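Colleague: Taken in order, these protein sequences are the chains called U and G. If you use this note's numbering, the first sequence corresponds to residues 44 to 109, in order. If you use this note's numbering, the second sequence corresponds to residues 785 to 1428, in order. Would you mind keeping the following structure in view while I ask a few things?
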Amino acid sequence: MDFTRVWLPYLYLYGVGGLFFFASLALVARAGAFSPADRRWFRVLWLGFLWVAGLHAAGNLAALWL
Amino acid sequence: MSAAALALAGPQHGGDPAAAASAAAQAAAAAGSSPVFWAIVLGYFALVLGFGGYFARWNRTTTDFFFGGRRFAWWLITMSIVATGVGSHSFLKYSSKGFEHGFSSTMTYMNDWFFMPLFMFGWLPIIYFMRVRSIPEYFERRFNRPVRILATISLLLYMLGYIGIGFLTMAKTIQPVLADTLGWDLMTIIWVVAAVAGIYITFGGQTAVIFTDLLQGFILLFAGLALFLLGLGWFGGLGAFWDALPADFKLPLAAFNDDPGFNFVGIFWQDAVAGSIGFLFINQGLIMRFLACRSVDEGRKAAAFNVLFMMPISAIAVGCAGWIGRGMVTTGDLPATTAPDSVFTLVTAMLTSKAGFGFFVAAVTAALMSTVDTLINAVAAVFINDVYRLIRPGRSDRHYLRAAMLVSAGATVLGVGAAWVFTHYESVYEAHGAFHSTLTPPLVTAILLGIFWRRFTTAGAVATFVLGAAAIVAGRLWPTTLIAPFSHGIPAVGDHPYSYIGALYNLVACFGAAVVVSLFTRRRPDERTEGLTIWTLDAARRAFKGGEPNDRPGARLPVHWRIEPALPAGTVQVDREAQAGLAADPGDLVYLRDRRWWLGGLRSVHARLHAEPHAEGGVVLVAPDVAADGHFLPGRMLTAEKEI
């Protein structure tokens, strides 16, 4: 399988999707809706982003190597 | 060959495709003439209805009926949401795409995290603290009544489309079963399904819906994962299953833009953007679930756990029949020409006994029936409350109830009409994608800008619906002129080109109309929109409490309780030591629940702290109505904590 078939959708998903994610995080922070009570949720949000990105990366690598 | 015999026979490598097709169809059709199959199906429906009826008795007020009384724990709501995500049209739809494209059928279940900050810290606190009970209500409070009416029309079309998808999916699920027995065509089955939906009784209220969905969520996940294990057993293990799949089918994301019927970039804009916002922000069923949570924080937990863990598991449960079917094509046990929309039913029939097949078909159709029934009720509620009461105000409850029944019947017929339109698409997935990418952009645009952009004006909101709808219709009429510039190289073929990427054009058109008109018109004064945008969430919290929020961290305390008839309604009284432990002041909202965590808040209540502490240590005194609303049991200890 060529590089474009495997990684172009991934890069688009986490490039454009990541842009939406971090822009929306910045927006709620700028509005003061989110900034101790929020610290745990901040961790959940960015770890969640890494989790879904990791699942898709693992899926791609499994398809290539296994 | 019976289904059971086929399951015992295992893979027949290199089998004759015609024989394989016949065996799969026979397995499904044989079940349709089996009394055991129908006994299981009818028994399951009776069980689900009885379960809902039991929990209907927990309703004491209309708040209970519609919103479950804002009392439930995050894990209970999470499982209830799973049934919404898995139980609708998912098994047939994603098995179909799994059969055609492999693991990339999971895409739509794995792309909902991008807008989570906006949901957790924007929309969820607004609907919870401002007690927004419906999308049209939000639009009236944020803008004015004409915008509410425009939003109502959009929402009604959206729900009618979903009813049509539900009817079509149910009909396609049972069509292979009835093929030999009755010989009905698809439209006949759709009409029969619609008639059954009309008489399928919904027992009372949101608590019943939450618990029925909780049960169905567990069963559907169990059924889907059991089917996956049965499939692996059929192949003789995970390794053999993996080897039976073509290399391209093992990738988790579809090809970027090759296939007009299933391409990554189109589905990104249709589902990850318009669909995710639609699911989280404008799905009335989901809004009511989150309003049933005991706090905003519990709602956040439910949303996060659902997206991060339950959705990936659900993606396997709903799509695995398609993957197994594709493996069966490799081993010659299913013909490559199998209709994708029938794969779920055929594979299930081949892997299970008649009784097992009855359970699977019953689980999927009962969940679909619940979903469609909820939508029909929602259409009636929205039409009566947002349209009919404005035209005919001041009539009796009985009059409105009769009107609601007529609207329900009308919604059912219109749903059949929508199902007929959707039969002209290649598959349920494409029909759903096209309908979703057409109807959600105006609502998504209006709600996002309404929440996050203070400069968004009433005229801008009207333009979103009116000019946005005109642009969407123009895009449908001249796709190669208007949508092609957004197509990312997706080829325009067939009667419905750009089914998915049309969502990007529609979003750009709606956002463009909203922003341009807003910049040239006057915005509402800030005090008219307090608490309805993320810039004024403190006002929303003040409105919810009816005073200044108390954010001092407090402890959870175990307490005994007894009724104090002298207390004012809706209040509780604690001793001085407990008040200090809770870090609570008179007038604060406190939450009391039965100490048994596994009840999930079923026996719990919010109440206001009475002005003066009492002298009886370790006991909370509760007003009689608080004890009744909380369904507290005498002698059972409670946990008390400050809410806000």
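For every residue, glycine included, the Cβ atom is placed at its ideal position computed from N, Cα and C. Bear in mind that the values here come from a model prediction, so they are computed numbers and not experimental data.
Give a yes or no on whether the minimum CB-CB distance between residue 100(U) and chain A is below 7 angstroms.
Modeller: The displayed structure is made up of protein chains U and G, and chain A is not among them.
Colleague: Starting from residue 1357(G), trace the beta strand (DSSP E) in both directions and tell me its first and last residue.
Modeller: Counting from 1 along the second sequence, the entry for residue 1357(G) is found at position 573. Note, residue 1357(G): beta strand (DSSP E), 1355-1357.
Colleague: Got a sec: which bits of the stretch 1001-1034 of chain G sit with their beta carbon under 9 angstroms from any beta carbon on chain U, in order along the chain?
Modeller: If the cut-off is 9 angstroms between Cβ atoms, the stretch 1001-1034 of chain G has 1026, 1031, 1032, 1033, 1034 near chain U.
Colleague: Give the single residue among 1331(G), 1288(G), 1011(G), 1151(G) whose Cα lies nearest to the Cα of residue 1132(G).
Modeller: Numbered from its first residue, the second sequence carries residue 1132(G) at position 348. When each option's Cα is compared against that of residue 1132(G), the closest is 1011(G).
Colleague: By alpha-carbon positions, which one of 891(G), 828(G), 832(G), 855(G) ends up nearest to residue 57(U)?
Modeller: For the purposes of this step, residue 57(U) is taken as residue 14 along the first sequence, with counting starting at 1. When each option's Cα is compared against that of residue 57(U), the closest is 891(G).
Colleague: Provide the residue(s) that pair with residue 1375(G) in DSSP beta bridges, ordered along the chain.
Modeller: The sequence position of residue 1375(G) within the second sequence is 591, counting from 1. Looking at the DSSP assignment, residue 1375(G) forms a beta bridge with 1390(G), 1425(G).
Colleague: Within the 7 angstroms Cβ cut-off, does residue 66(U) reach chain G?
Modeller: Along the first sequence, read from residue 1 onward, the residue named residue 66(U) stands at position 23. For residue 66(U), the answer is no, since every Cβ of chain G falls outside 7 angstroms of its Cβ.
Colleague: Strictly under 7 angstroms for the Cβ-Cβ distance: is residue 1269(G) near chain U by that measure?
Modeller: Along the second sequence, one-based indexing puts residue 1269(G) at 485. Not one chain U Cβ lies under 7 angstroms of residue 1269(G).
Colleague: Give me whichever residues DSSP pairs with residue 1341(G) in a beta bridge.
Modeller: The count along the second sequence starts at 1 and reaches residue 1341(G) at position 557. In the DSSP output, where bridge partners are listed per residue, residue 1341(G) has 1424(G).
Colleague: Does the Cβ-Cβ distance between residue 64(U) and residue 905(G) come in under 7 angstroms?
Modeller: Start at 1 with the first residue of the first sequence, and residue 64(U) comes out as number 21. Start at 1 with the first residue of the second sequence, and residue 905(G) comes out as number 121. Result no, Cβ atoms of residue 64(U) and residue 905(G) do not sit closer than 7 angstroms.
Colleague: Between the beta-carbon of residue 1159(G) and the beta-carbon of residue 911(G), is there less than 7 angstroms?
Modeller: For this step, residue 1159(G) is matched to residue 375 along the second sequence. For this step, residue 911(G) is matched to residue 127 along the second sequence. Taking 7 angstroms as the Cβ cut-off, residue 1159(G) and residue 911(G) do not qualify as a contacting pair.
Colleague: Could you name the residues that DSSP lists as bridge partners for residue 1398(G)?
Modeller: Locating residue 1398(G) in the second sequence gives position 614, counting from the first residue. 1359(G).
Colleague: Looking at the structure shown, is residue 93(U) part of a helix, part of a strand, or coil, going by DSSP?
Modeller: The residue you call residue 93(U) lines up with position 50 of the first sequence. Helix.
Colleague: Let me check you understand the geometry: is the CB of residue 912(G) closer than 6 angstroms to at least one non-hydrogen atom of the ligand COA?
Modeller: Annotation note on the ligand COA: not contained in the displayed structure, which lists no ligands.
Colleague: How big is the Cα-Cα spacing for residue 974(G) and residue 1207(G)?
Modeller: Within the second sequence, residue 974(G) is the residue found at index 190, counting from 1. Within the second sequence, residue 1207(G) is the residue found at index 423, counting from 1. Distance between the alpha carbons of residue 974(G) and residue 1207(G): 10 angstroms.
Colleague: Under 9 angstroms Cβ-Cβ, which residues of chain G neighbour residue 110(U)?
Modeller: Any question about residue 110(U) goes unanswered here, given that chain U covers just 44 to 109.
Colleague: Under a Cβ-count criterion, where at least 16 other Cβ atoms within 10 Å of its own Cβ denotes burial, should residue 1180(G) be classed as buried or exposed?
Modeller: As a working note, residue 1180(G) is residue 396 in the second sequence. When all chains shown are included, residue 1180(G) counts as exposed.
Colleague: Residues of chain G with CB under 7 angstroms from residue 48(U), in chain order?
Modeller: Taking the first residue of the first sequence as position 1, residue 48(U) is located at position 5. Simply 1039.
Colleague: Would you mind giving the Cβ-Cβ distance between residue 1211(G) and residue 889(G), rounded to the nearest angstrom? I have them listed as a contact below 8 angstroms.
Modeller: Position 427 of the second sequence, counting from 1, holds the residue named residue 1211(G). Position 105 of the second sequence, counting from 1, holds the residue named residue 889(G). That belief does not hold up - the Cβ atoms of residue 1211(G) and residue 889(G) are roughly 12 angstroms apart, past 8 angstroms.
Colleague: Compare the C-beta of residue 94(U) with all C-beta atoms of chain G and state if any pair is closer than 7 angstroms.
Modeller: Start at 1 with the first residue of the first sequence, and residue 94(U) comes out as number 51. Chain G, which has a Cβ nearer than 7 angstroms to the Cβ of residue 94(U), makes this yes.
Colleague: Counting only beta-carbon separations shorter than 7 angstroms, does residue 1425(G) have a partner in chain U?
Modeller: Along the second sequence, one-based indexing puts residue 1425(G) at 641. Not one chain U Cβ lies under 7 angstroms of residue 1425(G).
Colleague: Given that a residue counts as buried once 16 or more other Cβ atoms are within 10 Å of its Cβ, and exposed if not, what is residue 1275(G)?
Modeller: Here residue 1275(G) corresponds to residue number 491 of the second sequence, with the count starting at 1. It counts as exposed.
Colleague: What is the DSSP secondary structure of residue 1405(G), counted as helix, strand or coil?
Modeller: For the purposes of this step, residue 1405(G) is identified with residue 621 of the second sequence, where counting begins at 1. In this structure, residue 1405(G) counts as strand in the three-state DSSP scheme.
Colleague: For the alpha helix (DSSP H) holding residue 942(G), just list the boundary residues, first then last.
Modeller: The sequence position of residue 942(G) within the second sequence is 158, counting from 1. Taken as a continuous stretch (DSSP letters only), the alpha helix (DSSP H) holding residue 942(G) covers 929-962.
Colleague: Quick one: grab the DSSP three-state call for residue 1199(G).
Modeller: As a position in the second sequence, residue 1199(G) is number 415, starting the count at 1. In the structure shown, residue 1199(G) sits in a helix (DSSP, three-state: H, G or I).
Colleague: With a threshold of 8 angstroms, are at least 3 pairs of Cβ atoms found where one atom belongs to the stretch 1219-1232 of chain G and the other to the stretch 1241-1249 of chain G?
Modeller: At 8 angstroms Cβ cutoff, the stretches touch.
Colleague: Select from 960(G), 1050(G), 945(G), 1284(G) the residue whose C-alpha is nearest the C-alpha of residue 1123(G).
Modeller: Taking the second sequence and counting its residues from 1, the one referred to as residue 1123(G) is at position 339. Ranking 960(G), 1050(G), 945(G), 1284(G) by Cα distance to residue 1123(G) puts 960(G) first.
Colleague: Along the chain, where does the alpha helix (DSSP H) containing residue 1290(G) start, and where does it finish?
Modeller: For the purposes of this step, residue 1290(G) is identified with residue 506 of the second sequence, where counting begins at 1. Element bounds for residue 1290(G): 1286-1303.
Colleague: Could you list which residues in chain G have their beta carbon closer than 8 angstroms to that of residue 97(U), in chain order?
Modeller: Working through the first sequence from its first residue, we reach residue 97(U) at position 54. In chain order: nothing, as chain G lies at least about 11 angstroms away.
Colleague: Is the stretch 1313-1321 of chain G touching the stretch 1233-1240 of chain G, taking contact as three or more C-beta pairs under 8 angstroms?
Modeller: With the cut-off at 8 angstroms, the stretch 1313-1321 of chain G and the stretch 1233-1240 of chain G touch.
Colleague: Secondary structure at residue 923(G), three-state DSSP: helix, strand or coil?
Modeller: What you label residue 923(G) is simply residue 139 of the second sequence in a count that begins at 1. Note: residue 923(G) maps to helix in three-state DSSP.
Colleague: Identify the continuous alpha helix (DSSP H) that holds residue 1323(G) and give its terminal residues.
Modeller: Taking the second sequence and counting its residues from 1, one reaches residue 1323(G) at position 539. 1321-1329 is the extent of the alpha helix (DSSP H) around residue 1323(G).
Colleague: Between residue 58(U) and chain G, is there a C-beta pair that is closer than 7 angstroms?
Modeller: Numbered from 1 along the first sequence, position 15 holds the residue referred to as residue 58(U). It does not; no Cβ of chain G falls within 7 angstroms.
Colleague: With distances taken from CA atoms, which of 996(G), 1039(G), 877(G), 972(G) is nearest residue 48(U)?
Modeller: For the purposes of this step, residue 48(U) is taken as the residue at position 5 of the first sequence. Selected option, being the one with the closest Cα: 1039(G).
Colleague: Please confirm if residue 51(U) has its CB atom under 7 angstroms from at least one CB of chain G.
Modeller: To locate residue 51(U), count along the first sequence from 1; it is residue 8. Cβ-Cβ to chain G under 7 angstroms: yes for residue 51(U).
Colleague: Does the distance from the CB of residue 1034(G) to the CB of residue 106(U) come in under 7 angstroms?
Modeller: For this step, residue 1034(G) is matched to residue 250 along the second sequence. For this step, residue 106(U) is matched to residue 63 along the first sequence. Yes.
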